[in-house]
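**Student:** Questions regarding the structure given below will be posed in turn.
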Amino acid sequence: MTFFFFLVQLRKPLVEKQRRERINSSIEQLKSLLGPEFLKQQPDSKLEKADILEMSVCFLTQLELPAHTEKTTLVKHY
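The sequence shown begins at 1 in UniProt numbering and counts up one residue at a time.
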């Protein structure tokens, strides 16, 4: 049992590192997808991960609003 516990303890930091790398990679992809117009909001400062996530949520919310309005309008007409 102790050998198994030892292996689990060795693997734990590696799994955590891989998880952080996946998160950071996804955040970098979001940053590149946001485009220059969003990145102009803070040109002189480095964007934090939280800033990139907030901008992504804001952008997706703006995309969703017109689609939601169209669906509501179609339902009202029928």
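Beta carbons: idealized from backbone N, C-alpha and C, even for Gly.
So for lysine 49, helix, strand or coil by DSSP?
**Tutor:** Three-state result, lysine 49: helix.
**Student:** Given that a residue counts as buried once 16 or more other Cβ atoms are within 10 Å of its Cβ, and exposed if not, what is isoleucine 52?
**Tutor:** Isoleucine 52 is buried by the Cβ-count criterion.
**Student:** Pop quiz: leucine 34 and phenylalanine 59 are said to be a contact at Cβ under 8 angstroms. What is the actual Cβ separation, rounded to whole angstroms?
**Tutor:** Yes, they are in contact, since the Cβ atoms of leucine 34 and phenylalanine 59 sit about 7 angstroms apart, within 8 angstroms.
**Student:** Please go through the same chain and pick out, in chain order, the residues whose beta-carbon is closer than 6 angstroms to the beta-carbon of serine 56, but skip the five residues on each side of it.
**Tutor:** Hits under 6 angstroms: Leu30.
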